[in-house]
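First comes the structure, then the notes that go with it.
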Amino acid sequence: MAVEVFNALGEMVQSFNFTGSASSLDLSGKAAGIYTVRVGNEWSSSMQRIALQ
Numbered sequence: 052m053a054v055e056v057f058n059a060l061g062e063m064v065q066s067f068n069f070t071g072s073a074s075s076l077d078l079s080g081k082a083a084g085i086y087t088v089r090v091g092n093e094w095s096s097s098m099q100r101i102a103l104q
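Position one of the sequence shown corresponds to residue 52 (my numbering), numbered consecutively onward.
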């Protein structure tokens with residue numbers, strides 16, 4: 052499953068794939084602000100906005 056992180060300008064700032072049932076997202080070093088996280092595969096995807104403080 053692919054995970055992509057986008058900043059407020061729509062630029063991809065991080066992406067990775069995972070195959071397990073759980074994963075953590077390390078955004079240390081990223082600027083504070085609103086990010087969009089997209090998780091999906093070739094059949095479906097979901098997007099969620101997060102605030103990084």
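For glycine and all other residues, C-beta sits at the position ideal for the given N, C-alpha and C.
- request: Grab the span of the beta strand (DSSP E) containing Phe57 for me, first residue to last.
  value: Taking the first residue of the sequence shown as 1, we reach residue 57 at position 6. From DSSP, the beta strand (DSSP E) with Phe57 extends over 53–57.
field: C-alpha distance - Ala82 paired with Leu103, whole-angstrom precision
entry: Locating residue 82 in the sequence shown gives position 31, where the first residue counts as 1. Locating residue 103 in the sequence shown gives position 52, where the first residue counts as 1. Going from the Cα of Ala82 to the Cα of Leu103 covers about 8 angstroms.
- prompt: Are Ile85 and Ala59 close, meaning C-beta to C-beta below 8 angstroms?
  reply: In the sequence shown, residue 85 corresponds to position 34, counting from 1. In the sequence shown, residue 59 corresponds to position 8, counting from 1. Yes, these two residues count as a Cβ contact at 8 angstroms.
task: Have a look at Phe57 and Gly71 and give me their C-alpha separation to the nearest angstrom.
output: Looking up residue 57 in the sequence shown gives position 6. Looking up residue 71 in the sequence shown gives position 20. When the Cα atoms are used, Phe57 and Gly71 turn out to be separated by approximately 22 angstroms.
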